[in-house]
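Q: With the sequence shown counted from 1, adding 758 to any position gets you the numbering used here.
Built from N, CA and C at the ideal position, the CB exists for glycine as well.
Structure incoming, see below.
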Amino acid sequence: WLGSGYFGASRQHRMSIALCERTDWDFSGCHPQDSVGIKSLISKQKAPVTYSHKKGLECISPLFSTVQETPQAISVKLQGQIPKWLKGKLLRNGPGKFEFGPDKYNHWFDGMALMHKFEIENGVVKYSSKFLRSDAYLTNSKNNRIMISEFGTLAIPDPCKNIFERFMSKFDRLKTDNCVVNFPVIKGDYFVSTETNQMHKVDLDTLESKEKVNWEKYIAVSGATAHPHYDPDGTVYNMGNSYGVHGSSYNIIRVPPQTSQPSDSGLQGAEVLCTIQPENRMKPAYYHSFGMSENYVVFIEQPVQIKLWELITANFFGKSFLDALSWEPQLNTRFYVVNKHTGQILPVQYHSKAFCYFHQINAFEDQGCIVLDLCCLDDGKVFDILRLQNLHKSGETYNMHPKPFPRRFVLPVTVSSKASVGQNLNPLSYTLAEAVKEADGKIWCTPESLHNEGLKEAGGMEFPQINYAHYSGKKYRYFYGCGFGHVIGDRLIKVDTETKEMKIWREKGMYPSEPIFVPEPDSSGTEDKGVILSVVLTPKQVSYSCVKKSCTLSVLSCV
């Protein structure tokens, strides 16, 4: 069970796994779906951004402080009962070290990767953690200062160098291998990854790096997302950018499943399935994930742009990658649909109003359309808000923070030449999403909100998860995520996409991680039969991991 995101690392706690079944969740704060047309909810004009205004929020500054690793597995105290069928390893990854010597990191995304493992067997849970011995970690540790730049932190020139050496160091473009985001699986091997060109293969028994792997040795890309998708046969799909004299390109990557050949491992056989040209090749979009259905990959070109000239000159002018990002709300969002089998981009052009997103929920095909579900923000300035100096302010930062909400888009795969201008091409009766043909032949997509009014009070929702093993790329009903009643997730939420009802787990002062759904062995045909695993943090010296019923979000056990 793989965990991603930035919740795996922040304070020395007693961690616990909360197991939740799927039928006894708290429905507090939920309201029936308003019977208002989607056009009146989300117009083509720029919608107001949803912010929350709360006072007296708990200070969570300790959650963003350096912790110690626990390399030797320890048995943890169990409260409650773990289902007998639950056996395996829960893996989490996130920042756990925020300074070296006098140097401190600036952004939440910058901290050194700390890997966590909860091993569950026969009702017993053992916990261990270990910092990834990346080149960034080892170099910084050896010099007791930040030597490798990260997302929001530029490495400070070595004061021991002479003037010429310090000047030339401004042109140093070493990419970090601080793989702090996710645990992708490729050909049966487990890796940790970030968004650069480098990953580390990890030994799950020891949490040690076995090998550093570079995408550029296999295909012409300069990095890849930390959120690949998987076909049932083990084929891996991902996306990464490439850069040349004419600017940038987006690339869809395909890694074939493992063969019987002993030498076939890792990224062997990787290929670029399709190359997409950005609207502005000197200002490509930033993206953290993408969508995939059974037959199509969906790339969302959001108006969060990477200004390449500023990135190229960042070191010289003392800027970080973060400083090269720009939110351009006057631009639309564009969707590219690519056939997984042929690599061809569909000729239909899909657009919507500007939004920012990090994670897709799911995508599936129905009646000649692709249904794409995303967690969307109406303001792309969230990157700046997540600077550590802001996160330490808690309440003030929360009120600056735009809230993410789940939305459903419908993309018709083919558009008849007989379709009239202004016609809604969405044939699906179960969604209010619209796909309207415009005079220039483009399709304007207006999403449906996949939530009721109660989610606004819960602070929106992010880090979505589904029953991926059985429903990825397929029509589904339920998804799970974190509600943001604080700067970080402070509750777990289950959403029914048909009724838009929510079930909520929340305990004051507890901050759960991205929920991981684990289906029961005999759960075929019952989508939400299983448990949710989540690591719960607290600013105090106690944290735990919970196992909850996926139907109800009731806690089965904590460790």
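Suppose the cutoff is 7 Å on Cβ atoms and the five residues either side in sequence are ignored; what does the same chain contact list for His1150 look like?
A: Working through the sequence shown from its first residue, we reach residue 1150 at position 392. Only Ser819, Phe822 meet the Cβ criterion.
Q: By the three-class DSSP mapping on this structure, what secondary structure does Gln956 have?
A: Position 198 of the sequence shown, counting from 1, holds the residue named residue 956. Of the three classes helix, strand and coil, the one that applies to Gln956 here is strand, per DSSP.
Q: For Cys1304, count neighbouring Cβ atoms within 10 angstroms of its own Cβ and tell me buried if that reaches 16, exposed if not.
A: Residue 1304 sits at position 546 when you count from the first residue of the sequence shown. Flag for Cys1304 reads buried.
Q: As a quick exercise: from Ala984, Lys1041, Arg1012, Lys975, pick the residue whose alpha carbon is nearest that of Ser1006.
A: Taking the sequence shown and counting its residues from 1, one reaches residue 1006 at position 248. When each option's Cα is compared against that of Ser1006, the closest is Lys1041.
Q: If I'm right that Tyr976 touches Leu1025 with Cβ under 8 Å, what's the distance once you round it to whole angstroms?
A: Indexing the sequence shown from 1 puts residue 976 at position 218. Indexing the sequence shown from 1 puts residue 1025 at position 267. That belief holds up - the Cβ atoms of Tyr976 and Leu1025 are roughly 4 Å apart, short of 8 Å.
Q: For the stretch 1247–1264 against the stretch 1135–1148, do three or more pairs of beta-carbon atoms, one drawn from each stretch, fall closer than 8 Å, so that the two count as touching?
A: no
Q: Glu879 to Lys845, Cα distance in whole Å?
A: As a working note, residue 879 is residue 121 in the sequence shown. As a working note, residue 845 is residue 87 in the sequence shown. Between the C-alpha atoms of Glu879 and Lys845 there is a straight-line separation of about 5 Å.
Q: Considering only residues of the same chain and omitting the five flanking positions on each side of Asp1254, which have a CB-CB separation below 7 Å?
A: Numbered from 1 along the sequence shown, position 496 holds the residue referred to as residue 1254. Correct list, in chain order: Arg1235, Tyr1236.
Q: For the 8 Å Cβ check, are there 3 or more pairs between the stretch 1155–1164 and the stretch 1101–1108?
A: no
Q: Whether or not the stretch 954–973 and the stretch 1032–1040 are in contact is what I'm after, with contact meaning three or more pairs of Cβ atoms, one per stretch, closer than 8 Å; do they touch?
A: no
Q: Kindly give me the distance between the Cβ atoms of Met870 and Lys855, rounded to whole angstroms, as I take these residues to be in contact under 8 Å.
A: Translated into the one-based positions of the sequence shown, residue 870 becomes position 112. Translated into the one-based positions of the sequence shown, residue 855 becomes position 97. With a Cβ gap of about 4 Å, Met870 and Lys855 count as contacting.
Q: Can you find at least 3 beta carbon pairs, one from the stretch 937–944 and one from the stretch 952–972, that sit closer than 8 Å?
A: yes
Q: Checking the sheet assignment: what are the DSSP bridge partners for Pro1164?
A: Residue 1164 sits at position 406 when you count from the first residue of the sequence shown. Bridge partners of Pro1164: Cys1133.
Q: Straight-line CA distance for Leu1065 to Phe867?
A: The residue labelled residue 1065 in the question sits at position 307 within the sequence shown. The residue labelled residue 867 in the question sits at position 109 within the sequence shown. Looking at the sequence itself, residue 1065 is Lys, so the reference to Leu does not match. Taking the straight line joining both Cα atoms gives about 19 Å.
Q: Sorted by chain position, which residues of the same chain lie with C-beta nearer than 6 Å to His987's C-beta, five sequence neighbours on each side aside?
A: In the sequence shown, the residue the question calls residue 987 occupies position 229. Once the five neighbours on either side are set aside, the close Cβ partners of His987 are Tyr995, Met1050.
Q: What are the start and end residues of the alpha helix (DSSP H) that includes Leu1295?
A: Stepping through the sequence shown from its first residue, residue 1295 is reached at position 537. Where Leu1295 is concerned, there is no enclosing alpha helix (DSSP H), although the beta strand (DSSP E) it sits in stretches over 1288–1295.
Q: When you compare only the Cα positions, how much space is there between Leu799 and Ser1230?
A: Counting from 1 along the sequence shown, the entry for residue 799 is found at position 41. Counting from 1 along the sequence shown, the entry for residue 1230 is found at position 472. Its pLDDT being 28, under 50, Leu799 is placed unreliably by the model, and the measurement read from it follows with that caveat. Each residue's Cα considered, the two are about 28 Å apart.
Q: What ranges does the beta strand (DSSP E) occupy inside the stretch 987–1024, keeping only unbroken runs of at least 3 residues that lie completely in it?
A: 994–1002, 1005–1013
Q: With Gly1212 as the anchor, note down where its alpha helix (DSSP H) starts and where it stops.
A: Translated into positions along the sequence shown, residue 1212 becomes position 454. It spans 1212–1215 - the alpha helix (DSSP H) in which Gly1212 sits, taken as one unbroken run.
Q: What does His874 pair with, by DSSP beta-bridge criteria?
A: The sequence position of residue 874 within the sequence shown is 116, counting from 1. Looking at the DSSP assignment, His874 forms a beta bridge with Arg850, Ser887.
Q: Under 8 Å, do Arg1092 and Glu1068 count as touching if we go by C-beta distance?
A: Position 334 of the sequence shown, counted from the start, is the residue given in the question as residue 1092. Position 310 of the sequence shown, counted from the start, is the residue given in the question as residue 1068. Not a contact, by the Cβ cut-off of 8 Å.
Q: So the beta strand (DSSP E) Glu1220 belongs to, where does it begin and stop?
A: Start at 1 with the first residue of the sequence shown, and residue 1220 comes out as number 462. From DSSP, the beta strand (DSSP E) with Glu1220 extends over 1219–1223.
Q: Does the count of Cβ pairs from the stretch 1108–1127 and the stretch 1084–1098 closer than 8 Å reach three?
A: yes
Q: Can you look up Ser899 in the DSSP assignment and give me helix, strand or coil?
A: Residue mapping note: residue 899 aligns to position 141 of the sequence shown, counting from 1. Ser899 carries a helical assignment under DSSP once its states are collapsed to helix, strand and coil.
Q: Which residues mark the beginning and the end of the beta strand (DSSP E) in which Glu1123 is found?
A: As a working note, residue 1123 is residue 365 in the sequence shown. Glu1123 -> beta strand (DSSP E) spans 1114–1124.
Q: What residue does the beta strand (DSSP E) around His1228 start on, and which one ends it?
A: Sequence index remark: in the sequence shown, residue 1228 carries index 470 (1-based). Where His1228 is concerned, there is no enclosing beta strand (DSSP E), although the alpha helix (DSSP H) it sits in stretches over 1226–1229.
Q: Quick one: residues in its chain with C-beta nearer than 6 Å to the C-beta of Arg1264, no 5 flanking neighbours on either side, listed in chain order?
A: Indexing the sequence shown from 1 puts residue 1264 at position 506. Excluding residues within five positions, the ones whose Cβ falls inside 6 Å are Arg1249.
Q: Considering Cα atoms alone, identify which of Cys1127, Glu1215, Gly1212 is closest to Ile1191.
A: Numbered from 1 along the sequence shown, position 433 holds the residue referred to as residue 1191. According to the sequence as given, residue 1191 is Ala; it is not Ile. Nearest C-alpha to Ala1191: Cys1127.
Q: Please report how far the alpha carbon of Glu731 lies from the alpha carbon of Glu857, in whole angstroms.
A: The question about residue 731 has no answer, for the chain in this structure spans 759 to 1317.
Q: On the criterion of 16 or more Cβ atoms from any shown chain inside 10 Å, does Gly1002 qualify as buried, or is it exposed?
A: Numbered from its first residue, the sequence shown carries residue 1002 at position 244. Exposed, since its Cβ has fewer than 16 Cβ neighbours within 10 Å.
Q: For Lys1161, is the classification buried or exposed, using 16 other Cβ atoms within 10 angstroms of its Cβ as the cut-off for buried?
A: As a working note, residue 1161 is residue 403 in the sequence shown. When all chains shown are included, Lys1161 counts as buried.
Q: Is the Cβ-Cβ distance between Lys1195 and Ala1177 less than 8 Å?
A: Here residue 1195 refers to the residue found at position 437 when the sequence shown is read from its first residue. Here residue 1177 refers to the residue found at position 419 when the sequence shown is read from its first residue. Yes, the Cβ-Cβ distance between Lys1195 and Ala1177 is below 8 Å.
Q: Just to confirm my understanding: we take Thr993, look at its own chain, exclude 5 residues before and 5 after, and list those with CB closer than 8 Å. What are they?
A: Taking the first residue of the sequence shown as position 1, residue 993 is located at position 235. Cβ neighbours of Thr993 beyond the five flanking positions: Arg1012, Val1013, Pro1014, Pro1015.
Q: If you run the structure through DSSP and keep just helix, strand and coil, what is Asp893?
A: Position 135 of the sequence shown, counting from 1, holds the residue named residue 893. Note: Asp893 maps to helix in three-state DSSP.
Q: What are the boundary residues of the alpha helix (DSSP H) that Leu1066 is part of?
A: Here residue 1066 refers to the residue found at position 308 of the sequence shown. For Leu1066, the uninterrupted alpha helix (DSSP H) segment begins and ends at 1066–1070.
Q: Using C-beta distances below 6 Å, list every residue in its chain close to Pro1222, excluding the 5 sequence neighbours before and after it, in chain order.
A: The residue labelled residue 1222 in the question sits at position 464 within the sequence shown. Hits under 6 Å: His1117, Ile1119, Cys1133, Phe1237, Gly1239.
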